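K.L.:
I have a structure here, written as structure tokens, and I will follow up with some questions on it.
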Amino acid sequence: MLAVKGDNCNLLDVMRSNKVESSVIGKEDENDEDISRRWNELPIELVELLFPRLSLVDCLRLPSVCQGWSKASSFIRKGRVWPWLMHLPNLKYQSCKFFDPFYCEDYTLKSNAVVVARDHLALRYSKDGWVVVTEGNKRVFILNPFTDQVINLPPLPSEEYFFDGISFTSVPTIPDFILYGFYFQRCGEYVEISTWCLGEEEWTVLAFQPSIPFFPSSNNPVLFQGEFYCLGRKGELGVFNPELETWNVLCKPEPLYLSEPSYGLEYCHLLELNGDLVSVFRTDETKTPLRVLKLNQSHMMWEKLEHLADMTLFVDHRNSIAITSPEKKYANKIYIPRFEGGTDSKKGMFYSMDDKRYHPSMHRVEEPLTCVWMEPNLHLHN
Numbered sequence: 001m002l003a004v005k006g007d008n009c010n011l012l013d014v015m016r017s018n019k020v021e022s023s024v025i026g027k028e029d030e031n032d033e034d035i036s037r038r039w040n041e042l043p044i045e046l047v048e049l050l051f052p053r054l055s056l057v058d059c060l061r062l063p064s065v066c067q068g069w070s071k072a073s074s075f076i077r078k079g080r081v082w083p084w085l086m087h088l089p090n091l092k093y094q095s096c097k098f099f100d101p102f103y104c105e106d107y108t109l110k111s112n113a114v115v116v117a118r119d120h121l122a123l124r125y126s127k128d129g130w131v132v133v134t135e136g137n138k139r140v141f142i143l144n145p146f147t148d149q150v151i152n153l154p155p156l157p158s159e160e161y162f163f164d165g166i167s168f169t170s171v172p173t174i175p176d177f178i179l180y181g182f183y184f185q186r187c188g189e190y191v192e193i194s195t196w197c198l199g200e201e202e203w204t205v206l207a208f209q210p211s212i213p214f215f216p217s218s219n220n221p222v223l224f225q226g227e228f229y230c231l232g233r234k235g236e237l238g239v240f241n242p243e244l245e246t247w248n249v250l251c252k253p254e255p256l257y258l259s260e261p262s263y264g265l266e267y268c269h270l271l272e273l274n275g276d277l278v279s280v281f282r283t284d285e286t287k288t289p290l291r292v293l294k295l296n297q298s299h300m301m302w303e304k305l306e307h308l309a310d311m312t313l314f315v316d317h318r319n320s321i322a323i324t325s326p327e328k329k330y331a332n333k334i335y336i337p338r339f340e341g342g343t344d345s346k347k348g349m350f351y352s353m354d355d356k357r358y359h360p361s362m363h364r365v366e367e368p369l370t371c372v373w374m375e376p377n378l379h380l381h382n
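Counting from 1, one number per residue, gives the positions in the sequence shown under full-length UniProt numbering.
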């Protein structure tokens, strides 16, 4: 159930609706019948032209305006979609919450998958509308919170297992899906990479003892040109080749720091942006500008990136997403997992690459305990 501005709308009911829902479109009155007839006279081809200009929530509402418009439900996928901040509001796990940073609105979605949880849940990774969730150190499952589809993975290789990073290759419902879990020993001299293929009953574990120690940032690996790149806390890169099953710490780019920064003092993010690897380094200090660096692939060195053009970035402690901004006013910004305001009104927090400042300021902002940026996906079977 998705709560939108106080109205309760079941997503699947809205998608398949064949009648007007008064709880969605408002209070009925004596003129409703005439209004419905006039809406029905609008050709469905014109209705379909509206979808690319609407937000996701409005796309969900549109098919239920009248019976004729319900035929347009298959065009929901054409609605504009951008990352929402998914988080769990409390430890009772009766629902998931979502924050739309562009429209500054909250949504609530009930999920059977989180209701049955018995241990602490952590949102670890998202891609194509799917979210990897860990329950304690024993269970991993993949959830599409908008369709409530759940894919349960086998028990982890050992008790109290932990992944420092998670990634997967494709949508979890297709046969060639593979999930990768990365574990780095704190001494930096031992790496385990666990893989799970769709339909298998156990994990496959690869172990490496590299000659060069590697201390990862908390950000997930990035699949780039067929290899998984991991960002170290000093700015170095570790690379896992899934075809050759090899792990290497690259000599270049050279580390940005001579010594390893204290854990937690700086947030490090890695993502792909228009065919390049980009790293983002940020702190909680308002006077310290956020740094964005692009990897020069010819010289294998980090170069300062001053502008994002028409792109918008979304970074949290684990996940990083880059999109083409749906509107100019959202471009050249980096959204972080914080917002200002109370229950009724929130403002998403972002760093502007134009004026090199956070908006709003760091004061009076809050951050959910466990959260991840994710792009809603209503595809039921792919």
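All C-beta atoms, glycine included, are put in the ideal place defined by N, C-alpha and C.
It should be emphasised that the depicted structure is a prediction, and the values quoted were computed from it without experimental measurement.
Thinking P360 and P337 are a contact (beta carbons under 8 Å), I'd like their distance in whole angstroms, please.
P.N.:
Translated into positions along the sequence shown, residue 360 becomes position 360. Translated into positions along the sequence shown, residue 337 becomes position 337. About 14 Å; that fails the 8 Å criterion.
K.L.:
Cα separation between R318 and R124?
P.N.:
Stepping through the sequence shown from its first residue, residue 318 is reached at position 318. Stepping through the sequence shown from its first residue, residue 124 is reached at position 124. Rounded to the nearest angstrom, the two C-alpha atoms are 6 Å apart.
K.L.:
Use the C-beta contact count for M349: other C-beta atoms within 10 angstroms, 16 or more gives buried, fewer gives exposed.
P.N.:
Here the question's residue 349 lines up with position 349 in the sequence shown. Buried is the call here.
K.L.:
Can you tell me the Cα-Cα spacing of D310 and P157, whole angstroms?
P.N.:
The sequence position of residue 310 within the sequence shown is 310, counting from 1. The sequence position of residue 157 within the sequence shown is 157, counting from 1. Approximately 43 Å between the Cα atoms of the pair.
K.L.:
Is the beta carbon of S170 less than 7 Å from the beta carbon of F177?
P.N.:
Counting from 1 along the sequence shown, the entry for residue 170 is found at position 170. Counting from 1 along the sequence shown, the entry for residue 177 is found at position 177. Yes, they are a contact pair.
K.L.:
Distance check for N219 and L185, CA to CA, integer angstroms please.
P.N.:
Here residue 185 corresponds to residue number 185 of the sequence shown, with the count starting at 1. Here residue 219 corresponds to residue number 219 of the sequence shown, with the count starting at 1. Sequence check: residue 185 is Gln here, not Leu. The straight-line gap from Cα to Cα measures roughly 16 Å.
K.L.:
Kindly indicate which residue of E327, I321, N296 has the alpha-carbon position closest to the one of Y335.
P.N.:
As a first step, residue 335 is located in the sequence shown; it is residue number 335 there, counting from the start. Comparing Cα-Cα distances from Y335 to each of E327, I321, N296, the minimum goes to I321.
K.L.:
Within this structure, are the beta carbons of F102 and Y330 separated by less than 7 Å?
P.N.:
Here residue 102 refers to the residue found at position 102 of the sequence shown. Here residue 330 refers to the residue found at position 330 of the sequence shown. In this structure, Y330 lies closer than 7 Å to F102 by Cβ.
K.L.:
Would you mind reading off the limits of the beta strand (DSSP E) that contains A122?
P.N.:
Residue 122 sits at position 122 when you count from the first residue of the sequence shown. Per DSSP, A122 belongs to the beta strand (DSSP E) from 121-127.
K.L.:
Quick check on K27: buried or exposed, where buried means 16 or more other Cβ atoms within 10 Å of its Cβ?
P.N.:
Counting from one through the sequence shown, the residue named residue 27 turns up at place 27. Reliability fails at K27, whose pLDDT of 43 lies under 50, so the model's placement of it is uncertain and no value is given.
K.L.:
Among M362, F314, H363, E45, which residue has its Cα nearest to the Cα of D100?
P.N.:
The sequence position of residue 100 within the sequence shown is 100, counting from 1. For D100, the nearest C-alpha among the options comes from F314.
K.L.:
Buried or exposed: which applies to K356, given that a residue is buried once 16 or more other Cβ atoms fall within 10 Å of its Cβ?
P.N.:
Residue numbering aside, residue 356 sits at position 356 when the sequence shown is read from its first letter. K356 comes out exposed.
K.L.:
Kindly indicate which three-state DSSP category E327 falls into: helix, strand or coil?
P.N.:
Position 327 of the sequence shown, counting from 1, holds the residue named residue 327. The answer is coil: DSSP assigns E327 none of H, G, I, E or B.
K.L.:
Locate the beta strand (DSSP E) running through W373, then write down its first and last residues.
P.N.:
Locating residue 373 in the sequence shown gives position 373, counting from the first residue. Segment 371-374, the beta strand (DSSP E) holding W373.
K.L.:
State buried or exposed for F241, treating a residue as buried only when at least 16 other CB atoms are found within 10 Å of its CB.
P.N.:
Position 241 of the sequence shown, counting from 1, holds the residue named residue 241. The displayed chain sequence assigns Asn, not Phe, to residue 241. It is exposed - the Cβ of N241 has fewer than 16 other Cβ atoms within 10 Å.
K.L.:
In three-state terms, what does DSSP make of residue 387?
P.N.:
Outside the displayed range of the chain (1 to 382) lies residue 387, so it cannot be described from this structure.
K.L.:
Return the first residue and the last residue of the beta strand (DSSP E) that E192 is part of.
P.N.:
For this step, residue 192 is matched to residue 192 along the sequence shown. Where E192 is concerned, the enclosing beta strand (DSSP E) stretches over 191-197.
K.L.:
Can you tell me whether DSSP reads E340 as helix, strand or coil?
P.N.:
One-based indexing of the sequence shown puts residue 340 at position 340. Here E340 sits in strand by DSSP.
K.L.:
Compute the beta-carbon to beta-carbon distance between L109 and S95, rounded to the nearest angstrom, for a pair I have assumed lies under 8 Å.
P.N.:
For the purposes of this step, residue 109 is taken as the residue at position 109 of the sequence shown. For the purposes of this step, residue 95 is taken as the residue at position 95 of the sequence shown. Going by Cβ atoms, the distance from L109 to S95 rounds to 6 Å, so yes, they are a contact pair.
K.L.:
Mind checking L49: buried by the 16 CB within 10 Å criterion, or exposed?
P.N.:
As a position in the sequence shown, residue 49 is number 49, starting the count at 1. So L49 counts as exposed.
K.L.:
Who pairs with A309 in a beta bridge, going by DSSP?
P.N.:
In the sequence shown, the residue the question calls residue 309 occupies position 309. Looking at the DSSP assignment, A309 forms no beta bridge with any residue, so it has no partner.
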